[in-house]
Amino acid sequence: MPETEILWIMSHKSIRQTDITTLPRSQFTALGFPKVFTPIDNFRLLPGSVKPEVTASLLAAMAAPVRNHVWVGTETGILKGINLQKKQAFNYTDVASITKGQEVTAMCWGDPQESEVLLGCGDGTVRVFSSEKSKFTEIHECRGGEGTFKGLAVMDNALVTCVESGLLKVWKAGDSDNLEVQVGAGIEKMRQCETQHQRFGTGGKETDLKIWDLERPEAPLFKAKNVRNDWLDLHVPVWIRDLGFLPGSEKIVTCTSHHQVRVYDPSSPQRRPVLEVLYEEDPLTALSITPDGRSVVVGNSRGNVAVIDLRKGRLLCALKGSAGSIRSIQCHSSMPIVASCGLDRFLRIHNYQNKELLHKVYLKSQLNCLLLTSREKWEEEDATSPAEQDVKEEEDAVWDNMETVVDKTSKKRQEVQIRANSETGTKNPTRKKKKCA
């Protein structure tokens, strides 16, 4: 669409804008004021109808960074950002450009400032979205191995990916000799240690937990051993679905498709789990460890979410509300809240201490993964940014200076009605005044 064919609707009134950069609808709605402005396609504009200061305010608002609290990747390949304080959700992917097979299967932050969101897509590409620029800035070809991404991370300005076939690869910019490690077949999850970025945990179907140090990738640092055979002397199947590193400890927590929560301690001579907890009968699909490291939040394929005490190995509470399989869970780094999403298309934010459902957002698509910002004091964030406030003030000034347009047709009809009433002797009807009590 040409730059001269955008109509901006302001407070349900039209204002024509001719000298502004054309943006796709998905990016436009991400600017922070979807209810104030809406672009309408295929409309030819008349030049010279907007003041320069309004244009400057619009451009300033577009340059403002996006401050969403949750980022979600969908099964259709769309990146969604959710601002919980404003109760707004935005699509940042142009739906018209999406092709089949671009499902988002892995996400991570691109930098410590959380200004970049990295998406691992089903077509083997890693897309970089800049929240500062409100657009996708880079696309990296990271094809190798078979299957979709089961993990995505950043280590020393290099991308680390792992696919279902078990190929873990480090992608360095401008370096054709990339490190490759075969971590085992049937991988379901690869997770990076938050404190030691060179350490990764992997696991999957009939591939038990392994801890890798990519500075010494020849062999795993730790290789878990399966539990003993059951009472029939049969092999106990292994199927890790998610894992996490316990903060302030060497321990690792896993959840399995056989409804098991297991804790491993590489610092001990025992390679078998030091703790095992069973939760219901359905496969566990996602987990996240609380900041204090005392509990873990798990979700299963039925949609149940629960908090389990890792010290005593017992259920603390259940977080109700979900109706579909849970695909991703993440606890906040300091506040007692947890975000979860899944196949029921809802994003839910719970307080895992008092079990309160804080937010529930319907996002239209089936949700695969999420990122929860580490920012604190959400309630103290301004409801509107300074750029948006400037736009609102300019908008009010525009409409205050506009002339009132009178409909000539309706005025003529009123004159004809008055003339007819005078000929017939009928009084002009007026509204009765209410008497004061």
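Everything in the sequence shown is counted per the UniProt record's numbering, starting at 1 for the first residue and increasing by one. Where a beta carbon is used, it is the ideal one built from N, C-alpha and C, also for glycine.
Item                                                                                                                                                                             : Value
Apply the 10 Å Cβ neighbour rule to His235 and answer buried if 16 or more other Cβ atoms are within range, or exposed otherwise.                                                : exposed
Based on the DSSP secondary-structure assignment, which residues constitute the bridge partners of Arg348?                                                                       : Ser340, Lys360
Going by DSSP in three states, Ala318 sits in which element: helix, strand or coil?                                                                                              : strand
For Ser97, does the three-state DSSP call read helix, strand or coil?                                                                                                            : helix
Could you name each continuous beta strand (DSSP E) segment of 3 residues or more that falls completely within the region 251-319, going from the start of the chain to the end? : 252-256, 260-264, 275-278, 284-289, 295-300, 305-309, 314-319
So who's on the other strand from Cys331, going by DSSP bridges?                                                                                                                 : Val338
Lys169 and Asn178 look like a contact to me (Cβ under 8 Å); what is the Cβ gap, rounded to whole Å?                                                                              : 6 Å
Look at the alpha carbon of Gly77 and the alpha carbon of Gly203, and state the distance between them as a whole number of angstroms.                                            : 25 Å
Give me the residue from Val298, Gly293, Leu119, Ile187 with the minimum Cα distance to Cys341.                                                                                  : Val298
Only counting the same chain, and skipping five residues up and downstream in sequence, which positions put a Cβ closer than 7 Å to that of Val66?                               : Ala30, Gly81, Ser131, Ser134
Between the region 255-264 and the region 343-357, are three or more C-beta pairs nearer than 8 Å?                                                                               : no
Looking at C-alpha atoms only, which residue of Asp156, Phe129, Cys121 is the closest neighbour of Thr148?                                                                       : Cys121
Quick one: Cα of Arg345 to Cα of Asp233, how far?                                                                                                                                : 42 Å
Count the other CB atoms, across all protein chains shown, that sit within 10 Å of the CB of Val104; report buried if there are 16 or more and exposed otherwise.                : buried
Could you spell out where the beta strand (DSSP E) holding Gln182 opens and where it closes?                                                                                     : 180-182
Roughly how many whole angstroms lie between the Cα atoms of Asn292 and Ala96?                                                                                                   : Here residue 292 turns out to be Asp, not Asn, going by the sequence shown. Cα to Cα, the separation comes out at about 44 Å.
Find the nearest neighbour of Ile139 within the set Gln113, Lys360, Arg127, Gln198, judged by alpha-carbon distance.                                                             : Arg127
What residues in its chain sit with their C-beta under 6 Å from that of Leu84, if we drop five residues either side in the sequence?                                             : His69, His359
To the nearest angstrom, how far is the alpha carbon of Ile98 from that of Gly124?                                                                                               : 14 Å
With 16 as the cutoff for other CB atoms within 10 Å, does Gly151 come out buried or exposed?                                                                                    : buried
List the residues that DSSP assigns as beta-bridge partners of Arg191.                                                                                                           : Gly201
Determine the DSSP secondary structure at Trp378, reduced to helix, strand or coil.                                                                                              : helix
By Cβ distance, which residues of its chain are closer than 7 Å to residue 445, with the 5 residues on each side in sequence left out?                                           : Lying outside 1 to 437, the shown extent of the chain, residue 445 is not represented and no answer is given.
Got a sec? Which residues, its chain only, sit under 8 Å from Glu356 by beta carbon, not counting five neighbours each side?                                                     : His350
Select from Asp213, Gly184, Val117 the residue whose C-alpha is nearest the C-alpha of Thr195.                                                                                   : Asp213
Should Gln270 go down as buried or exposed, given a rule of 16 or more other Cβ atoms within 10 Å for buried?                                                                    : exposed
Determine the direct distance from the alpha carbon of Gly184 to that of Ala323, and round the result to whole angstroms.                                                        : 33 Å
Roughly how many angstroms separate the alpha carbons of Phe136 and Asn229, rounded to a whole number?                                                                           : 50 Å
The beta strand (DSSP E) spanning residue 470 covers which residue range?                                                                                                        : The chain is shown from 1 up to 437; residue 470 falls before or after that span and cannot be answered.
Label Gln182 either buried or exposed according to how many other C-beta atoms from any shown protein chain fall within 10 Å of its C-beta, with 16 as the threshold for buried. : exposed
Return yes when the Cβ of Ile187 is within less than 9 Å of the Cβ of Ile252, no when it is not.                                                                                 : no
Tell me whether the beta-carbon of Cys255 lies closer than 9 Å to the beta-carbon of Leu284.                                                                                     : yes
Beta strand (DSSP E) containing residue 440: first to last residue?                                                                                                              : Residue 440 falls outside the range modelled here, since the chain spans only 1 to 437, and no answer is possible.
Return helix, strand or coil for Leu371, following the three-state DSSP convention.                                                                                              : strand
Between the C-alpha atoms of Tyr279 and Ser301, what's the straight-line distance to the nearest angstrom?                                                                       : 12 Å
Check the C-beta distance from Cys369 over to Ala106 and give it rounded, since I have them as a contact under 8 Å.                                                              : 6 Å
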